[in-house]
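Q:
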Amino acid sequence: MRAGLAELDLVKVPGSLGVEIVGQRYGHVGLWRLWGRSCEFAMHPRPRAEPDVSFVFVESGIVSARTPGEAWRSLDAPLIVVPTVRARRIRIRGTWSITVAKLPLRAVEAYVPFLPNSVGVFSTTRMLDSAMHRFVAAVLQSGSVGSAVERSAIEQLATEMAGGVLLDRTGPDWAQGSPHAVLRDRALGLISQECADPDLTPARIATGVHASLRQLQAVFAESGTSIALEIRRARARAAHALLSDSRFDALPIEQIAAKSGFATSMSLRRATEAVYHQSPRAVREHRGDGPDPPRASE
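Pasting the structure below:
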């Protein structure tokens, strides 16, 4: 059990009741289910650890947390998104059960222009949230490590679901519905839908969300990004999905570029190297790479 908790940066506080945990890693994606009775954990960031984000699906129990020097804060919600771990205490009361998916930030950063540093607490469940929760739960319930093809598919599907949840949630929900956040969210949605069109431009996105180009550029600049950069990210994401799918291995890189909205294969290469730190060829050759440690249970 200790190994599983350590992967989640958790240490059980003395005096807490028993905890059960099962987990499995698929490439860069870690999936766990934890359950038990009233318990408190200390969460400590690991030195020089890669930034990550955890999706915590609360099935039962009352969750609260606090950071050093602050009061306890209720996290009573079915979905909690925890970016890059900070030192904090977590308390779960009653008979509880949670399912967790943890991914490195680099795996999902192509889906969103920014990720808030604060914990996201979402009291309502949306379609993507439920789909991701059911998928992770079903994978863990199978109790199987899976074949190489299955492990690669699980890694890809979990990453895409996580990216979709973040894209859906980092707009008005996380930003408390500010007008700029709503406008940015609408623009990102339109970019995601139309990125495969090679003629897509920032001006067309602005027209599509009924804003001036200057206004929309300013909104994106507030988040440290730009419309053009987000179009490029979306195209890189589309290309990465094709390159990671063995069904499209027969397609040359030039066709992958065209299907993803890039004018040339060189544009595709530059984008995948910037977003994923890999060339298109490397994406194909190394998909599904990563260790698969044994399941941890008690």
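Position 82 (the sequence shown) corresponds to 81 in numbering that gives the first Met the number 0; numbering is contiguous.
Using N, Cα and C, we set each Cβ at its ideal position, and we do this for glycine too.
What you are looking at is a predicted structure, and each value in this text was computed from that prediction instead of being measured.
Could you work out which residue in A109, V107, A100 and S117 is closest to R65 when comparing CA atoms only?
A: S117
Q: Which term fits T124, buried or exposed, when burial requires 16 or more other beta carbons within 10 angstroms of its beta carbon?
A: exposed
Q: Within the same chain, show all residues whose beta-carbon is closer than 8 Å to that of S259, passing over the 5 residues directly before and after it, in chain order.
A: C194, A195, R234, A235, A237, A238, L241 and L267
Q: When DSSP builds the beta bridges, which residues end up paired with D51?
A: P103
Q: Relative to the C-alpha of A106, which candidate in E284, R280 and A273 has its C-alpha closest?
A: A273
Q: Pick helix, strand or coil for E284, following the three-state DSSP scheme.
A: helix
Q: From R246 to G68, what distance separates their C-alpha atoms?
A: Taken atom to atom, the span from the alpha-carbon of R246 to that of G68 is near 53 Å.
Q: From the DSSP secondary-structure annotation, give me the bridge partner or partners of A64.
A: R72 and I89
Q: Where do the N-terminal and C-terminal ends of the alpha helix (DSSP H) with P201 fall, by residue?
A: P201 to G207
Q: Answer yes or no: do R10 and L4 have a C-beta to C-beta separation smaller than 8 Å?
A: The residue you asked about is not Arg; residue 10 is Val in the sequence shown. In contact: V10 and L4 (Cβ atoms closer than 8 Å).
Q: Count the other C-beta atoms from every protein chain shown that fall within 10 angstroms of the C-beta of E49, then say buried if there are 16 or more, exposed otherwise.
A: Exposed, because fewer than 16 other Cβ atoms sit within 10 Å of the Cβ of E49.
Q: Hey, could you find the ends of the alpha helix (DSSP H) R185 is sitting in?
A: P178 to E193
Q: Roughly how far, in whole angstroms, is the beta-carbon of S96 from the beta-carbon of S59, given that I think they are within contact range, below 8 Å?
A: 5 Å
Q: Going along the chain, which residues of its own chain have a beta-carbon closer than 8 Å to the beta-carbon of G93, five neighbours each way excluded?
A: R36, S37, S59, G60 and I61
Q: In its own chain, which residues sit with a C-beta less than 8 Å from the C-beta of A281, not counting the 5 before and 5 after it?
A: none
Q: Taking buried to mean at least 16 other C-beta atoms within 10 Å of its own C-beta, is Q155 buried or exposed?
A: buried
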